[in-house]
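Take the sequence shown: its letters are residues 1 to 283, numbered as in this note's numbering.
Cβ coordinates follow ideal geometry from the N, Cα and C atoms, glycine included.
In this text, all values refer to a predicted model and were calculated from it rather than measured experimentally.
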Amino acid sequence: MKSKNLLVVVILFAIFACSKNDNATPTPVTPPLVVDTADLIVTTFLPTTNSIWWKYNTTTTVITPAPVAPATGITNGLDQLNVDSDLIIATIPYKLMKTTTTPTGFYSTMLNNNKLRVDGSSIKMTGNVLFNLGTNSIPLSVNNFTIFKENAIFGSNLGVPQTGTQNFTIPNSTQVIKVNYTLTSVADNDIASLLVGTTNYTNLKVVKIYVQIDASTEIAPGVSVQALNPTSQPVIISTQYWVKNVGVVKAETRVEYHLAGATAGVPQDGLQNVVETINSKSF
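Here is the structure:
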């Protein structure tokens, strides 16, 4: 009898244990980190040896404000972009980029006095991207902003969009404009070939860089109004054509803004197109 009772107890314990285990909360399992091995392959689309340089022919066409005759609104220039020196920031190596003179093209302006680093298949930039409101430059700060990714899929963001806020005081006034901005880089369609000058380049990677802003200004203590109309605008759209072992061979940039009202010292509307084409390089 005792042995039968003991057997019943053992069976009930086994049933209870199994039932309890079935209803127990499962231990969370962290999925393995999936890494695209193509991200680890170091890109060679931008040579970064110290002292090398690129020269770019630039053509800037001002559409708004309309040029006053005899001015045509078309200005030609020549930019030289240099790999200046090495920098170490928080143990991470960067290349400092500089232009020989004040640049006139957007691509050279974007890289001038900024820091670049190659991170696997990506090229990332830290520094300031300048947006010109009339003749006034507003620095838009970025940190490890991806300007190129070799294995990016068409239509995808190259990296995390960069956002920030910059207060800008109109020169010779007390008016402050608060600018909220977002910079995004997107992969465009690859191009089989492109004639730039007299050189036919092949297997090009194309990147579009967008600068979107909204802006406000305070008209009375605690009272702000929108400074742009429409309130949010893509003020810079730049298409950049990259070639392996060369870098950017052409850039086409549209810079445009529309203020909501008249602002002293700043044209209410601005529109210009800038084309940069590689002239020569030192390597």
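**Asked** How about the region 208–222 and the region 179–187: do they share at least three Cβ pairs that are nearer than 8 Å?
**Response** Touching, per the Cβ criterion.
**Item:** Member of Asn151, Trp242 and Ser238 whose CA lies at the smallest distance from the CA of arginine 254
**Value:** Checked all of Asn151, Trp242 and Ser238; the closest Cα to arginine 254 is Ser238.
**Message:** Taking the beta strand (DSSP E) that phenylalanine 131 belongs to, which residues open and close that run?
**Reply:** It spans 122–133 - the beta strand (DSSP E) in which phenylalanine 131 sits, taken as one unbroken run.
**Prompt:** What residue does the alpha helix (DSSP H) around leucine 111 start on, and which one ends it?
**Reply:** Segment 106–111, the alpha helix (DSSP H) holding leucine 111.
**Message:** If you reduce the DSSP assignment to three classes, tell me which class leucine 81 lands in.
**Reply:** Residue state, collapsed to three classes: strand.
**Prompt:** My guess is that valine 179 and threonine 165 are in contact by the Cβ rule of under 8 Å, so how many angstroms apart are they, rounded?
**Reply:** Rounded, the Cβ-Cβ distance is 7 Å, consistent with contact.
**Nearest-angstrom Cα separation, counted from glycine 127 out to valine 266** = Spanning the two alpha carbons is a distance of roughly 25 Å.
**Request:** Output the distance between the C-alpha atoms of phenylalanine 45 and tryptophan 54, rounded to the nearest integer angstrom.
**Result:** Their Cα atoms are separated by approximately 14 Å.
**Request:** Have a look at Thr169, Ala38 and Leu96 and flag the residue whose alpha-carbon is nearest the alpha-carbon of serine 51.
**Result:** Ranking Thr169, Ala38 and Leu96 by Cα distance to serine 51 puts Leu96 first.
**Asked** Which of the three DSSP states, helix, strand or coil, is assigned to alanine 187?
**Response** DSSP, read as helix, strand or coil, puts alanine 187 in strand.
**Request:** Please state if the CB of threonine 104 and the CB of threonine 72 are separated by a distance shorter than 8 Å.
**Result:** Cβ atoms of threonine 72 and threonine 104: not closer than 8 Å.
**Message:** Quick check on DSSP: helix, strand or coil for threonine 37?
**Reply:** If DSSP states are grouped into helix, strand and coil, threonine 37 belongs with the helices.
**Request:** Output the distance between the C-alpha atoms of alanine 227 and phenylalanine 131, rounded to the nearest integer angstrom.
**Result:** A straight line joining the alpha-carbon of alanine 227 with that of phenylalanine 131 spans about 15 Å.
**Cα-Cα separation, serine 282 to lysine 250** = Cα to Cα, the separation comes out at about 17 Å.
**Item:** One or two residues paired with isoleucine 177 in a DSSP bridge
**Value:** DSSP lists Phe168 and Thr217 as partners of isoleucine 177.
**Request:** Return the Cβ separation of glycine 155 and serine 122 in integer angstroms, given the expectation that the two are a contact with Cβ distance under 8 Å.
**Result:** That belief does not hold up - the Cβ atoms of glycine 155 and serine 122 are roughly 17 Å apart, past 8 Å.
**Item:** Segment limits, beta strand (DSSP E) that includes proline 139
**Value:** Proline 139 -> beta strand (DSSP E) spans 136–149.
**Asked** Just to confirm, are isoleucine 278 and tyrosine 56 a CB contact at a threshold of 8 Å?
**Response** Yes, the pair counts as a contact, with Cβ atoms nearer than the cut-off.
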